[in-house]
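A.B. asks: Shown below is the structure under consideration.
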Amino acid sequence: MEALDQDGGTVMSLSGAHRAAFRREVAREGRVFSIRDPEGMPAPAGDDGRRAVPFWSKATRAGRVVDQVAAYRGFEVLAVDVDEWLRGWLPRLEQDGMLVGVNWSGARATGYDLAPTQVRQWFVDAPAEDAELELPGRS
Numbered sequence: 339m340e341a342l343d344q345d346g347g348t349v350m351s352l353s354g355a356h357r358a359a360f361r362r363e364v365a366r367e368g369r370v371f372s373i374r375d376p377e378g379m380p381a382p383a384g385d386d387g388r389r390a391v392p393f394w395s396k397a398t399r400a401g402r403v404v405d406q407v408a409a410y411r412g413f414e415v416l417a418v419d420v421d422e423w424l425r426g427w428l429p430r431l432e433q434d435g436m437l438v439g440v441n442w443s444g445a446r447a448t449g450y451d452l453a454p455t456q457v458r459q460w461f462v463d464a465p466a467e468d469a470e471l472e473l474p475g476r477s
């Protein structure tokens, strides 16, 4: 959902802001974060029936969802090296027909759910606004 500014123009949606923060913060942190419990990682189905595994760009973002969303109470935050995530996790999610949940937030832990190939491309393209940020292990 996009909001309108005072002049009637559109501004970035909250989910769009989380997507931009995800790209920037993962490059800076060198890792992504998810959550798990003894049964594994959550993969709730969206309105279209496709399942998404959530990832956050900061441990504090993931921890906030664990603390504030009843369905995720008792989960632990899991850190994954960004290179391992890009080379191993995203291809497996794609093979399994899963989506990537990006920086979910709020009382229902919602946000963008994107194809793994789309998320991986963010890091391959090295967008201009993130050009000064180097991914660990890359030159």
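Sequential numbering from 339 applies to the sequence shown in our numbering.
Ideal Cβ positions, reconstructed from N, Cα and C, are used throughout, including at glycine.
#1: Do Val420 and Ala400 have their C-beta atoms closer together than 8 Å?
#2: Could you give the residue range of the alpha helix (DSSP H) that holds Asp451?
#3: How about Val404: is its C-beta nearer than 8 Å to some C-beta of chain B?
#4: With distance defined between alpha-carbon atoms, name the residue in Arg411, Met436, Gly444 and Trp394 nearest to Ala366.
#5: Along the chain, where does the alpha helix (DSSP H) that runs through Arg430 open and close?
#6: Do you know whose CA, among Phe413, Val407, Gly439 and Phe360, lies nearest Gly384's CA?
C.D. replies: Judging by the given coordinates:
#1: No, the pair does not count as a contact, with Cβ atoms beyond the cut-off.
#2: Segment Thr448 to Leu452 is the beta strand (DSSP E) holding Asp451; no alpha helix (DSSP H) there.
#3: Absent from the structure is chain B; it holds one protein chain and no more.
#4: Reading off the sequence shown, one finds Arg at residue 366, where the question assumed Ala. It is Trp394.
#5: Leu428 to Gln433
#6: Gly439
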